[in-house]
Amino acid sequence: MTRCIHCGKPSSGRFSLVFERESEQREMDLPLCDQCVDRFEAAPDVRLSE
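Positions 110 to 159 (the numbering used here) are the ones given, in order, by the sequence shown.
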């Protein structure tokens, strides 16, 4: 079983997150649980990749 890289709970799958800072972006593919995906999406400088 894969674990969420952020909290350690069982992962819901791999999600591509885009982190934006100033004029730069960084995309990361991470195993996350649904709760952590929601937390990241609520952050103003993070979004799910399309």
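All residues carry an ideal CB built from backbone N, CA and C; glycine is no exception.
Minimum C-alpha distance to methionine 137 - residue among Thr111, Gln144 and Phe124: Phe124
Glutamate 159 in three-state terms, based on DSSP: Three-state result, glutamate 159: coil.
Beta-carbon separation (whole angstroms), cysteine 116 vs proline 140, contact threshold 8 Å: Going by Cβ atoms, the distance from cysteine 116 to proline 140 rounds to 11 Å, so no, they are not a contact pair.
Span of the alpha helix (DSSP H), counted from its first residue to its last, around arginine 148: 143-151
Buried versus exposed call for leucine 126 [16 or more other C-beta atoms within 10 Å across all chains shown]: buried
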